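Since the structure comes first, as structure tokens, the remarks are kept for the end.
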Amino acid sequence: MRKLTIILIVLFLGINLITKADEGMWIPLLLEKLNIEDMQEKGFKLSAEDVYSVNKACINDGIVIFGRGCTGELVSDQGLLLTNFHCGRGDIQKLSSIENDYLTNGFWAMSKQEEIPSPGLTVKFLKSIEDVTEKVIKNVTNELSEEERQLIISLNIEEIENEARKETNYISSVKPFFYGNQYYLFLYEEYKDVRLVGNPPSSIGNFGGDTDNWTWPRHTGDFSIFRVYADKDNKPAEYAPDNVPYQPKKVLSISTKGVKEGDFTWVMGYPGSTYQFLTSDAIKTIQYISNPNNINLRGKRLDIIRRYEENNDTIRLKYAAKKYRISNSWKRWKGEVLGLKRLNTVEKKLKKEAAFKAWAEQNQKDEYIEVIDHLSSVYHELEKYSIARDYWRESIRATEVIYFVSKFNNLISMINEGVGSEEVDKEKQHLESEIIKFFKDYVVEIDRDVFKEIIPLYFRDVNEEFQPKIEDLEFHNIEGFGNNLFANSIFVKEQELSNLLKNLNKDNVNQLVNDPVYSFYNKFAQIYYNEVKPKYDSLNHVTKRLYRIYVRGLQEMYPEKVFYPDANSTMRVAYGNVAGYEPYDAVKYNYYTTLDGVIAKVNPDIYDYDVPDKLKELYKDKDFGEYQVDGTVPVCFIATNHTTGGNSGSPVFDAEGNLIGLNFDRAWNGIMSDLEFDPTQSRNITLDIRYLLFIVDKYAGAHHLIDEMNIIK
1323 MRKLTIILIV LFLGINLITK ADEGMWIPLL LEKLNIEDMQ EKGFKLSAED VYSVNKACIN
1383 DGIVIFGRGC TGELVSDQGL LLTNFHCGRG DIQKLSSIEN DYLTNGFWAM SKQEEIPSPG
1443 LTVKFLKSIE DVTEKVIKNV TNELSEEERQ LIISLNIEEI ENEARKETNY ISSVKPFFYG
1503 NQYYLFLYEE YKDVRLVGNP PSSIGNFGGD TDNWTWPRHT GDFSIFRVYA DKDNKPAEYA
1563 PDNVPYQPKK VLSISTKGVK EGDFTWVMGY PGSTYQFLTS DAIKTIQYIS NPNNINLRGK
1623 RLDIIRRYEE NNDTIRLKYA AKKYRISNSW KRWKGEVLGL KRLNTVEKKL KKEAAFKAWA
1683 EQNQKDEYIE VIDHLSSVYH ELEKYSIARD YWRESIRATE VIYFVSKFNN LISMINEGVG
1743 SEEVDKEKQH LESEIIKFFK DYVVEIDRDV FKEIIPLYFR DVNEEFQPKI EDLEFHNIEG
1803 FGNNLFANSI FVKEQELSNL LKNLNKDNVN QLVNDPVYSF YNKFAQIYYN EVKPKYDSLN
1863 HVTKRLYRIY VRGLQEMYPE KVFYPDANST MRVAYGNVAG YEPYDAVKYN YYTTLDGVIA
1923 KVNPDIYDYD VPDKLKELYK DKDFGEYQVD GTVPVCFIAT NHTTGGNSGS PVFDAEGNLI
1983 GLNFDRAWNG IMSDLEFDPT QSRNITLDIR YLLFIVDKYA GAHHLIDEMN IIK
């Protein structure tokens, strides 16, 4: 009877795993082998080679890694690129000033001469993917220790990457999949001259702001437009006035035919991280410890920023990108906790782990029998280090000036070690630019209040062994301590710091070392880098080894299941269907929103719901041009595609491979999809391409940009 019960449990769980609809982030190289039949049965009209190919132009050639982690797509033969407003936000802010506030007011270049170079912004094109598993694990045997195994793998990866760079001059990167059970080599070509072409005002590009973030319905025109430039031979080049628009190998076509319920859609882009294989102990840590702590700490920072920016446009501009970065994860963490609780993820994981262990015992798979127990033991030991790490990141380094002073570590070490003057001068030049960048968007009063609010929480919640001794720090008088710290630090005085930096040498370097803010930071840094981080990294290294075994075991346990690897910022394809959903009892959400919903939300007293007068006029006059549908303009739609961070800006395609929108968010009830995908609730939110074209054409009057695009009506 016991054996029969085990078999039934395993079969039940196996069916559950295999039949999940629309879940998965698939490697383009493997579409022909793993997915194409399923995609075509669901409505896909193309071949795998139309999506990804090294032999001919394909859709992959029109998609890029935008900046440091978003996705973008090429929509003209003159290098015109679309991505999200929130992806371009940081660069738009850097190019803005009080006099030319492009972030708040929008920007539209009416000619290429008006396009603005964005220093430091790059895009990367994926040139090829290659399975290099056998090369990476060459000379790896079961007799090796884990340290020996990793050393050999690291050396093999270095050799593979170096050889690839030598032959192509591309950026080469070998990434592990399934926790190191497979490895793939990715080659990229990077273009470094990228210029701002246009963006709507934040009241369109960020309409709904923090209030609507991670929710549905949405009414956000979340897009920005850039252009990629190249040298006269169409090759990558640093910015130069005589560079010319890049001519892409593939230009994506745009369809304005629209979508309806049930339509096949697919997304191609660079999802950042997912964690589908985590065990119950890891989920417990996230649900009950890490996320609640981080939510509390970020929430306090947001409250302070909101208090200062109220009725202060200067502060609102300075802190726009910072506030978005803080609030984005803050709200996601809240949604994750609710989703994990709703799905009973911990309980489900425990059942799956019991079934796995029973299968391993019955089949005498000694390698797998104890792996769950080993993981549980490691997570128990990891807990206090994990808490200390979270508070280091979200309490100590979350104070802006403390993070800022850490940038001076290298220079201080160089001077104390007697490094040559040429290298020291280069580092000084780098720090001078960091000073300018820091103070451009810094308000000392906000930072001081954040410090006084969140530093005491470190001492309340972090294990005492990780607490430095701070003289004069009495928490009943944190007000006075914080005031004195900031009042006496050179790191909050731009001109004094800049002057000292220019003349910094071995004789006066202690002015930085002994500065009260630097000294405060250094006490925590010594503990974190000597006691917390090494142990945290070591234990996490152990979990990765154990997950490698666990995942390999799952693949043996379910030989008929097609597993997809967790996201790791490499190119993936996700596919599903346009679909509304029912988040709560007696509540049903439609699959699309319209401009009617934008106008219905208008409230000048709420910053997130302010709308430009011109958009109101266009609506009042019903001046929608060719973008109108049933007397309004479509704004956003949702589908069941599996996406995550990094998919921001990803092109969303119809069955024929035409661009129908830009992915920009996920719906609240499905936020936990990084950990557990729920086909009934997990929805990706897409900006309808027709709203983008409407804003560019009718609102901005930038029809010349429309003329560049290949639009299918």
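Numbering (my numbering), first residue to last: 1323 to 2035. Quick reminder that beta carbons are idealized off the backbone N, C-alpha and C, glycines included. In this text, all values refer to a predicted model and were calculated from it rather than measured experimentally.
From the options, pick the residue whose C-alpha is nearest to that of residue i; which is it?
i: Tyr1911; options: Met2031, Gln2003, Leu1639 and Asn1799; result: Gln2003
i: Ser1450; options: Ile1381, Pro1441, Asn1464 and Asp2010; result: Ile1381
i: Glu1452; options: Leu1351, Ile2017, Thr1865 and Arg2005; result: Leu1351
i: Asn1666; options: Ile1605, Tyr1713, Asn1615 and Ser1419; result: Ile1605
i: Val1957; options: Tyr1903, Ser1433, Phe1545 and Ser1811; result: Phe1545
i: Ser1811; options: Asn1825, Lys1750, Asp1769 and Pro1856; result: Asp1769
i: Cys1853; options: Arg1711, Phe1986 and His1863; result: Residue identity differs from the one stated: residue 1853 is Glu in this sequence, not Cys. Comparing Cα positions, the closest option is Arg1711.
i: Gly1804; options: Ile1734, Val1723 and Gly1898; result: Val1723
i: Arg1894; options: Gln1950, Asn1830, Asn1862 and Asn1969; result: Asn1969
i: Asp1996; options: Ile1608, Leu1876 and Asp1907; result: Ile1608
i: Phe1813; options: Phe1726, Asn1890 and Asn1832; result: Phe1726
i: Gly1952; options: Pro1934, Thr1916, Leu1507 and Ile1960; result: The displayed chain sequence assigns Asp, not Gly, to residue 1952. Of the candidates Pro1934, Thr1916, Leu1507 and Ile1960, the one whose C-alpha sits nearest the C-alpha of Asp1952 is Thr1916.
i: Tyr1597; options: Thr1721, Ser1375, Glu1749 and Val1873; result: Val1873
i: Gly1580; options: Lys1936, Val1386, Tyr1914 and Glu1703; result: Tyr1914
i: Tyr1353; options: Gln1362, Ala1370 and Asp1344; result: The identity of residue 1353 in the sequence shown is Leu, whereas the question assumes Tyr. Out of Gln1362, Ala1370 and Asp1344, Ala1370 has the C-alpha closest to the C-alpha of Leu1353.
i: Thr1537; options: Asn1650, Glu1756, Asn1491 and Ser1698; result: Asn1650
i: Gly1346; options: Lys1434, Lys1883 and Asp1555; result: Lys1883
In the structure shown, what three-state DSSP assignment does residue i receive?
i: Arg2005; result: coil
i: Phe1499; result: strand
i: Ile1328; result: The pLDDT assigned to Ile1328 is 43, lower than 50, so where the model puts this residue is not dependable; a value taken from the coordinates is nonetheless given after this. Helix.
i: Asn1338; result: In this prediction, Asn1338 has a pLDDT of 44, which is less than 50 and means its spatial position is unreliable; what the coordinates show is noted afterwards. DSSP places Asn1338 in helix when its eight states are reduced to three.
i: Ile1349; result: coil
i: Lys1910; result: strand
i: Trp1538; result: coil
i: Asp1930; result: helix
i: Lys2020; result: helix
i: Gly1520; result: strand
i: Met1323; result: The predicted model places Met1323 with a pLDDT of 41, which falls under 50 and marks its position as unreliable; any figure quoted below should be read in that light. Coil at Met1323, not helix or strand.
i: Leu1940; result: helix
i: Asp1625; result: helix
i: Glu1560; result: coil
i: Ser1577; result: strand
i: Leu1333; result: Because Leu1333 sits at a pLDDT of 44, beneath the cut-off of 50, its placement in the model cannot be relied upon, and the following sentence gives the value as read from the coordinates. Three-state DSSP puts Leu1333 in a helix.
i: Phe1986; result: strand
i: Ser1743; result: helix
i: Pro1570; result: coil
i: Ser1494; result: strand
i: Ile2033; result: strand
i: Asp1763; result: coil
i: Thr1601; result: coil
For the beta strand (DSSP E) containing residue i, name the first residue and the last one.
i: Gln1504; result: Gln1504 to Tyr1513
i: Ala1552; result: Ser1546 to Ala1552
i: Asn1731; result: Asn1731 -> not in any beta strand (DSSP E); alpha helix (DSSP H) instead, spanning Asn1731 to Asn1738.
i: Val1386; result: Ile1385 to Phe1388
Taking the alpha helix (DSSP H) that residue i falls in, what are its first and last residues?
i: Val1839; result: Pro1838 to Ile1849
i: Ala1710; result: Val1693 to Tyr1713
i: Gly1591; result: Element bounds for Gly1591: not the alpha helix (DSSP H) but the beta strand (DSSP E), Phe1586 to Gly1591.
i: Glu1394; result: A quick correction: the sequence has Gly, not Glu, at residue 1394. Premise fails: Gly1394 lies in the beta strand (DSSP E), Cys1392 to Leu1396, not in any alpha helix (DSSP H).
i: Tyr1725; result: Glu1722 to Ser1728
i: Gly1661; result: Ala1642 to Leu1665
i: Gln1817; result: Glu1816 to Lys1824
i: Val1835; result: Asn1832 to Val1835
i: Asn1785; result: Here Asn1785 belongs to no alpha helix (DSSP H), and DSSP marks it neither H nor E.
i: Asn1805; result: Ile1800 to Ala1809
Restricting to runs no shorter than 3 residues, where is the beta strand (DSSP E) found entirely within the region 1402-1474? 1402-1405 and 1445-1453
Indicate whether the contact test is met: 3 or more Cβ pairs, each with one atom in the region 1564-1584 and one in the region 1928-1946, closer than 8 Å. no
Note down, one range per segment and in chain order, each beta strand (DSSP E) of at least 3 residues found wholly within the region 1951-1982. 1956-1961 and 1973-1975
Take every Cβ of the region 1413-1421, pair it with every Cβ of the region 1921-1930, and state whether three or more of those distances are shorter than 8 Å. no
Fully enclosed by the region 1851-1903, which beta strand (DSSP E) runs are 3 residues long or longer? 1894-1899
Count Cβ pairs between the region 1773-1780 and the region 1717-1737 that sit closer than 8 Å; are there 3 or more? yes
Should the region 1755-1767 be called in touch with the region 1638-1645, which here means at least 3 C-beta pairs below 8 Å? yes
contact_flag[the region 1498-1515, the region 1441-1449] where n(CB pairs < 8 Å) is 3 or more: yes
Count Cβ pairs between the region 1615-1624 and the region 1523-1530 that sit closer than 8 Å; are there 3 or more? no
Answer yes if the region 1427-1444 comes into contact with the region 1547-1561, meaning at least three C-beta pairs across the two stretches below 8 Å, and no otherwise. yes
Quick test of the definition: if touching needs 3 or more C-beta pairs under 8 Å, does the region 1696-1711 touch the region 1838-1856? yes
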